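Using this note's numbering, the first residue of the sequence shown is number 1481, and each one after it goes up by one.
Worksheet: one structure, shown below.
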Amino acid sequence: MAGSSAQVPSVVGTPLPLVGKSTTKPTWCPGCGDYGVVAAVEMAVKRLKIPSHNVVIVSGIGCSSNLPHFLSSYGFHAIHGRSIPVAEGVRWANHGLTVLATGGDGDGFGIGAGHFVHAMRRNVDLTYVTMDNQIYGLTTGQASPTSMMGQKTKSTPTGVIENPLDPIALALACGATYIARGFSGDVKQMADLIAGGIQHKGFSFVDALSPCVTYNKINTFDWFRQRVYKLDAAGHDPTDIHKAWEKALEWGDRIPTGLFYTVDRPTYEDLEEVLAAGPLALQPAGLRGKDRLLDEFI
Ligand SMILES: Cc1ncc(C[n+]2csc(CCOP(=O)(O)OP(=O)(O)O)c2C)c(N)n1
Ligand code: SF4
């Protein structure tokens, strides 16, 4: 995808373009929260000066999952709920790359929930940004795993009767090593959180509260503005897992945003013998110890 103008010098002196907007314009409804998220992703990767050819953004299916089209990095628009396994595959083929996965709450916490859980448990070094609008936007307004109890939607005309999933608590329980919540109404804070996630070594999760202005008339920008407060300003210590749990369970009149928890733990790439030898893409093809392996069966 083309369209970036900022550049960083390469070792051979040729300027390398940074990630910027692509020539494809977003198709989101005017006012959709996802505009704030794409701006924050762009700001974060630009600030870290990672050349666009080293950035891969993988998404699933949904309004939010169109995001990779709108930036000048490499992108892969996968299938519904499968952004994480594709992103893991990219990472394991070449863990010299900066890999982000993006998508909606339906994509990541519904059909893709199993992948989300296991990527966190593995501590794969990638950054996962969910545009959490608490509704299925692309399919025109059905309840999602994060829709609140009682909410009337196209698929729940008398109100949701299931308990909503808490993405921050789920991430804590599964061992994600960088867990944050942003809000599309504060792009700068979200860019800081995404940049922190990219710099963090391990699975980074940023749940972006990103209102769907067309199908969710409850969790609107105003609804969030009346409730959000910043964890760092409230003196939260993101290295304290007990405090992180306390904050993860807070939702309602007050909703915390910012970094809930971060910890250093070896990544999957550190611990996996073949990957520890360097990016697969740079290793000779073939199976090491192949003859020994075959000998056992002859
Ligand atoms: C296997 C499969 N099942 C269902 C769908 C239909 N589908 C497309 S997007 C979507 C949910 C969209 O909601 P979300 O992931 O929250 O993203 P949003 O559109 O709200 O950004 C569904 C159910 C599909 N494309 N593929
Ligand atoms: S339907 Fe909702 S999520 Fe989809 S583009 Fe419109 S406002 Fe955004």
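Note that beta-carbon positions come from the ideal geometry of N, C-alpha and C, so glycine has one too.
If you're wondering where the values come from, they're calculated on a predicted model, not measured in any experiment.
Note on the region 1666-1747: whole beta strand (DSSP E) runs with a minimum of 3 residues are 1684-1689, 1708-1710 and 1735-1742, in chain order. Sorted by chain position, residues whose beta-carbon lies closer than 5 Å to a non-hydrogen atom of ligand 2 are 1508, 1509, 1512, 1543, 1617, 1692, 1693 and 1694.
Taken in chain order, the complete beta strand (DSSP E) segments of 3 or more residues contained in the region 1620-1675 are 1658-1663.
Between residue 1634 and residue 1592, the alpha-carbon positions lie close to 22 Å from each other. Nearest to residue 1607 by C-alpha distance, out of 1666, 1776 and 1535, is 1535.
Cβ-Cβ separation between residue 1630 and residue 1640: approximately 6 Å, consistent with a contact (criterion under 8 Å).
Rounded to the nearest angstrom, the gap between the Cα atoms of residue 1599 and residue 1564 is 7 Å. Rounded to the nearest angstrom, the Cβ distance from residue 1628 to residue 1698 is 7 Å, consistent with a contact under 8 Å.
Straight-line spacing of the CA atoms in residue 1708 and residue 1758 works out to 42 Å. In the structure shown, the three-state DSSP call for residue 1598 is helix.
The residue among 1761, 1644 and 1604 with its C-alpha nearest the C-alpha of residue 1613 is 1644. For ligand 1, no non-hydrogen atom lies closer than 7 Å to the CB of residue 1534. Restricting attention to 1504, 1520, 1506 and 1499, the CA atom closest to the CA of residue 1664 is found in 1520.
Each residue's CA atom was taken as its position, placing residue 1500 and residue 1494 some 18 Å apart. Its Cα nearest to that of residue 1573, the residue 1749 stands out among 1741, 1726 and 1749. Look at residue 1699: its beta carbon is at least 7 Å from all of the heavy atoms in ligand 1.
Between ligand 1 and the CB of residue 1611, the shortest heavy atom gap is smaller than 7 Å.
At a cut-off of 7 Å, the beta-carbon of residue 1587 counts as near ligand 1: some heavy atom of the ligand is closer than that.
Residue state for residue 1587 is assigned as helix, using DSSP reduced to three classes. Distance from the CA of residue 1658 to the CA of residue 1547, rounded to the nearest whole angstrom, comes to 22 Å. For residue 1759, the three-state secondary structure derived from DSSP is coil. In the DSSP annotation of this structure, the continuous segment of the beta strand (DSSP E) that includes residue 1539 starts and ends at 1535-1539. Taking C-beta atoms as the reference points, residue 1570 and residue 1686 fail to come closer than 8 Å. By the CB criterion at 8 Å, residue 1560 and residue 1537 fall outside the cutoff. Annotation for residue 1701: 1665 and 1691 place their beta carbon closer than 6 Å to its own, counting only its chain and skipping 5 residues before and after.
According to the DSSP secondary-structure assignment, residue 1557 is paired through a beta bridge with 1539.
Looking at the backbone, the Cα of residue 1619 and that of residue 1552 are separated by about 27 Å.
The residue from 1529, 1580 and 1742 with its alpha-carbon nearest to that of residue 1517 is 1580. Annotation: the continuous beta strand (DSSP E) that includes residue 1497 extends over 1495-1497. For the set 1604, 1605 and 1586, the Cα lying nearest the Cα of residue 1621 is the one of 1586. When DSSP states are grouped into helix, strand and coil, residue 1551 belongs to the strand group.
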